[in-house]
Amino acid sequence: MSERSGASAIAEETAEMSEQVALSNKHAFEMLIGSQQILLEELVFASNEMMDRARTETHLLAEFASKLAGVHSVKGIQTMVQECGRHQLDFLRRDCERLFKHGQRLIDASVNLAGQRWQN
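Quick note: the sequence shown uses this note's numbering, first residue 1172, plus one each step.
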């Protein structure tokens, strides 16, 4: 009987360890899938941002060229350069704010992903 109870205890421990390994594998798989999802979202976001920035720069270049064609004096060129410089700084400020917000969103998503795994 003791052999049987010993074998049954070993079988129970083996089953418990198998469950723990399976649960660990499940968490690792979920972490991998979550990481891939975040990475793909970041790639899509980055490509959209690059396209938006290219459109903005193209618009600014066209605006600059049209204003340059209409300027007939040095004073007008100076005013135009100041105006275009302000536009560039404004777009740069917006880009930095977007980048900061995006970085914060990425950090929050990563913390949530890791936090969910540690709670389970």
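Just so it is clear, CB atoms sit at the ideal spot from N, CA and C, and this is done for glycine as well.
Small disclaimer: the values here were computed from a predicted structure and weren't measured.
Pull up the distance between the alpha-carbon of Lys1197 and that of Glu1190, whole angstroms please. Approximately 10 angstroms between the Cα atoms of the pair.
To the nearest whole angstrom, what separates the beta carbons of Leu1160 and Glu1213, a pair I think is in contact under 8 angstroms? Not covered by the structure: residue 1160. The range shown for the chain is 1172 to 1291.
Quick check: the Cα distance between Glu1228 and Lys1238, rounded to an integer number of angstroms? 15 angstroms
Compare the beta carbon distance of Ile1209 and Ala1280 with 7 angstroms and say whether it is the shorter of the two. yes
Measuring alpha carbon to alpha carbon, tell me which residue in Met1188, Gln1259, Phe1216 is nearest Leu1270. Closest by alpha carbon: Phe1216.
Contact check, Gln1259 vs Leu1232 under 8 angstroms by CB: the rounded distance? The pair is not a contact, with the Cβ atoms about 11 angstroms apart (cut-off 8 angstroms).
Burial state of Gln1275, where buried means 16 or more other Cβ atoms lie within 10 Å: exposed
DSSP three-state label for Leu1242, please. It is worth fixing the name first, because residue 1242 is Val in this sequence and not Leu. Residue state, collapsed to three classes: coil.
What residues in its chain sit with their C-beta under 6 angstroms from that of Lys1255, if we drop five residues either side in the sequence? Residue 1255 is actually Cys in this sequence, not Lys. Once the five neighbours on either side are set aside, the close Cβ partners of Cys1255 are Phe1235.
Whole angstroms are fine: how far does the CA of Ala1193 sit from the CA of Glu1183? Cα to Cα, Glu1183 sits roughly 15 angstroms from Ala1193.
In terms of alpha-carbon separation, which member of Met1221, Val1282, Ala1199, Leu1211 lies closest to Asp1266? Comparing Cα-Cα distances from Asp1266 to each of Met1221, Val1282, Ala1199, Leu1211, the minimum goes to Met1221.
Could you say which of Phe1262, Gln1253, Ser1179, Val1252 lies nearest to Ala1225 if we only look at CA atoms? Phe1262
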